[in-house]
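Under my numbering, the first residue of the sequence shown is numbered 6, with each subsequent residue one higher. All residues carry an ideal CB built from backbone N, CA and C; glycine is no exception.
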Amino acid sequence: MNRLRLVLWGLLAAFNTWAQPKVDYHKTDKLLDVAPYVAYLADTAQNLTFAQVQRLPYAAFVVNGKEGLSLGNQDLPHWFRIDFAEAPATEDLYLYTDFPLHYLDVYLIHQNDSVSTWQTGLLRPLGGRHFLTNNYSFNLGRNPKQVIFRAQSPTLHLPFLLGTIQPLVAYIFQYDLLVGALLGLLLALALYNLFLYFSLKDLTFLYYSGYELTLFYLTLKGMGTHQVFFTPNAPWFNADNITSVVICATFSFLFVNKFLDIKALAPKLYAWNLGILGALMVLMFMEWLLPYQIWHNNALDVLVIVNSFSIILGGIYIWYLGYEPAKYFTLAWVFFLGAVVVRFLGLSNILPKHLFWVDYAAQFGIAIESLLLSFAVAYRFNLFRKEARDAHALVLQRAEENETLLLAHNRILEEKIKLEQNLPIVAPNDLQRLFEKMQTERGKNKKLAVSTIEGVLLLPIADIIRLEALGSYCTIYLTQQKKIVASKSMSEFEPLLDKSDFIRVHKSHIININFVERYVRGEGGAVIMPDSAEVSVSRSMKIELLERLQIA
């Protein structure tokens, strides 16, 4: 009976040995994804040693068997095993991964059963790596027998590649070139917008610069590059997993609110976004005070995605209200969220990981988002500047017209004086009409001071058709199809306007009754203005407006 049992155990062991996939690498000009050959085991007790794992049968492991190896967010260490066919290569083989792991212990078993060991990771000094770069490369020699490694990190994504030095260097060069271009773009945008802030004193540029700088750091951190440049011997600095995301989200919140003025235009959405930021900060404090748990990262992922959707909805709503720069802003965040989704699907092995656009989705998404956001900020700046210049041109035109009128008045006055000298009695009605006309023209010369990007403009009040509130901003519509966005609220301008000409017909609208073309009856009704705008009238202001317009 014992002999039969030994035979069965032998057959089972032989079957396991025959069934387990083994790496047989021959294409020395290409890298091989070894994920299908990887078997893994969760260390639930967190006390397994290399010697214990080495003695475990292959059946104790879970065979990955597919391209890409991603176990998602984890709070347990995992052991991985790769077996090699006994087929010596002509060059040294390298095992490579570029995902930043907190701890990575690699054990190489040679054909003579001797063992080589590497210990590396973000939470260890940089010197433990074969190449002192942000990625992990291990020289396996020409005829490895087995590789066993232990990995522990908040997220376990293990894109392990195998190859000789030539294709490996080519791959790293391509990766570093793309990432370097992205980092250069983010840094250039951050510094440029910081310069614009100091030049123009517009907080939008400061918040956007802060967002790009924190995104720059997050990108460095996401690739482990920050350890190479900033903290090679301070691994404790790399332990944060949530804090840097929260700092980036804070600058994002400030920038979005300033750019779209969500607090004034969509207060409920502003409160929702503020709640998301508060939840992220709670997670940050938990990271500081409590041991890591898997749900911390899961909650972080959910909050980041929900926040992105919320920002997109805010952009669409503000765009719907008529704010043109919001369309580029919304498009930027759509690309960013799309990249996050593609990256998530790639990490979940739903999309094939080997595709270039899946592998680099995050980098492309961040680059496109940053470019579109920069375009949105520049579009906003140019829009305000164009409106200011148009308004300035109108001011100059009115100044020329007033000068012409003044010359005409002087000429008429001279004629009247000459007439007085020749006639014993001056017709008083003619002089009275002249004085009234001069007073009317002086009334037209009244100005409204408006601060713009081009400086302070003195707009002729007689050219103002209407004012429309836009949160803490105010759009002033002028004659000749001109308009200008002022950095003051409508309520600040209201006391400066002549009540005999202007009336507030709605909480968001003040109109010049001299420009009303038509009144449309309704519950409150509406007025049609020369710029084809249909301005709603509140029920509380309907009676006063009709009296001012002398409509029964």
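Beta-bridge pairing of residue i - partner residues as DSSP gives them
{"i": "S572", "result": "There is no way to answer for residue 572, as the model of the chain reaches only from 6 to 557."}
{"i": "T125", "result": "L109"}
{"i": "V540", "result": "V532"}
{"i": "W84", "result": "L46 and R155"}
{"i": "G146", "result": "L98"}
{"i": "L167", "result": "L37 and L100"}
Cβ pair residue i, residue j closer than 8 angstroms
{"i": "D97", "j": "M228", "result": "no"}
{"i": "P1", "j": "Y297", "result": "Residue 1 cannot be examined here, being either before or after the span of the chain that is shown, 6 to 557."}
{"i": "I371", "j": "F341", "result": "yes"}
{"i": "L183", "j": "F143", "result": "no"}
{"i": "L308", "j": "A276", "result": "no"}
{"i": "L74", "j": "A40", "result": "yes"}
{"i": "P330", "j": "L376", "result": "no"}
{"i": "L554", "j": "V525", "result": "no"}
{"i": "L76", "j": "Q51", "result": "no"}
{"i": "L128", "j": "N238", "result": "no"}
{"i": "N303", "j": "N78", "result": "yes"}
{"i": "S494", "j": "A474", "result": "yes"}
{"i": "I281", "j": "S315", "result": "yes"}
{"i": "Y30", "j": "A94", "result": "yes"}
{"i": "S543", "j": "G529", "result": "yes"}
{"i": "C253", "j": "T209", "result": "no"}
Whole-angstrom distance between residue j and residue i, CA atom to CA atom
{"i": "W241", "j": "L113", "result": "27 angstroms"}
{"i": "L462", "j": "H514", "result": "21 angstroms"}
{"i": "I533", "j": "L464", "result": "23 angstroms"}
{"i": "F369", "j": "H301", "result": "27 angstroms"}
{"i": "L336", "j": "I470", "result": "33 angstroms"}
{"i": "C479", "j": "S257", "result": "24 angstroms"}
{"i": "V431", "j": "L501", "result": "Caution is warranted here: a pLDDT of 46 is assigned to V431, below 50, making its placement in the model unreliable, and the coordinate value is therefore given only provisionally. In a straight line, the C-alpha of V431 is about 39 angstroms away from that of L501."}
{"i": "V510", "j": "A381", "result": "32 angstroms"}
{"i": "V490", "j": "L161", "result": "50 angstroms"}
{"i": "D468", "j": "F507", "result": "12 angstroms"}
{"i": "E292", "j": "F55", "result": "30 angstroms"}
{"i": "V339", "j": "V28", "result": "41 angstroms"}
{"i": "F264", "j": "F349", "result": "29 angstroms"}
{"i": "Q179", "j": "T230", "result": "15 angstroms"}
{"i": "Y212", "j": "A454", "result": "28 angstroms"}
{"i": "D34", "j": "T169", "result": "8 angstroms"}
{"i": "L378", "j": "N278", "result": "19 angstroms"}
{"i": "N517", "j": "Y325", "result": "25 angstroms"}
{"i": "I247", "j": "F498", "result": "45 angstroms"}
{"i": "K452", "j": "D503", "result": "11 angstroms"}
{"i": "L305", "j": "L201", "result": "33 angstroms"}
{"i": "V540", "j": "M289", "result": "47 angstroms"}
Proximity winner among the options, relative to residue i (alpha-carbon distances)
{"i": "G343", "options": "G327, V363, P330 and Y328", "result": "V363"}
{"i": "S505", "options": "G530, E549, V490 and K512", "result": "E549"}
{"i": "R385", "options": "F349, Y328, L376 and Y365", "result": "Y328"}
{"i": "G126", "options": "S119, V120, D118 and H135", "result": "H135"}
{"i": "W123", "options": "I481, R147 and G132", "result": "G132"}
{"i": "Y322", "options": "S313, G530, A271 and P62", "result": "A271"}
{"i": "L167", "options": "L161, D181, Y180 and P149", "result": "P149"}
{"i": "F85", "options": "D306, L61, T33 and V311", "result": "L61"}
{"i": "G189", "options": "L36, L225 and G215", "result": "L225"}
{"i": "Q59", "options": "V311, I87 and T255", "result": "I87"}
{"i": "P172", "options": "A156, I252, L191 and K32", "result": "K32"}
{"i": "Y365", "options": "D181, S537 and Y216", "result": "D181"}
{"i": "K273", "options": "E374, L318 and L137", "result": "L318"}
{"i": "Q157", "options": "P26, A367, L472 and A47", "result": "A47"}
N-terminal and C-terminal residue of the beta strand (DSSP E) that residue i is part of
{"i": "H135", "result": "Segment: none, H135 is in no beta strand (DSSP E) and carries neither H nor E."}
{"i": "V577", "result": "Residue coverage of the chain in this structure runs from 6 to 557, which leaves residue 577 outside it and unanswerable."}
{"i": "W241", "result": "That residue, W241, is in no beta strand (DSSP E); it is neither H nor E in DSSP."}
{"i": "V510", "result": "F507 to H511"}
{"i": "A474", "result": "I469 to L475"}
{"i": "G77", "result": "S75 to N78"}
{"i": "I466", "result": "Careful: I466 lies outside any beta strand (DSSP E) and carries neither H nor E."}
{"i": "T480", "result": "Y478 to L483"}
{"i": "T160", "result": "T160 to H162"}
Opening and closing residue of the alpha helix (DSSP H) in which residue i lies
{"i": "D29", "result": "Where D29 is concerned, there is no enclosing alpha helix (DSSP H), given that its DSSP letter is neither H nor E."}
{"i": "S204", "result": "I170 to L205"}
{"i": "K488", "result": "Counting along the chain, K488 falls outside any alpha helix (DSSP H), though it belongs to the beta strand (DSSP E) covering K488 to A491."}
{"i": "P272", "result": "P272 to L294"}
{"i": "E522", "result": "Run containing E522: none; DSSP gives neither H nor E here."}
{"i": "F260", "result": "T248 to L265"}
{"i": "A56", "result": "F55 to R60"}
{"i": "T219", "result": "L208 to M228"}
{"i": "S496", "result": "M495 to F498"}
Cβ-heavy atom distance, residue i to the ligand HEM, below 7 angstroms
{"i": "L259", "result": "Looking for the ligand HEM in the displayed structure turns up nothing, as the structure carries no ligands at all."}
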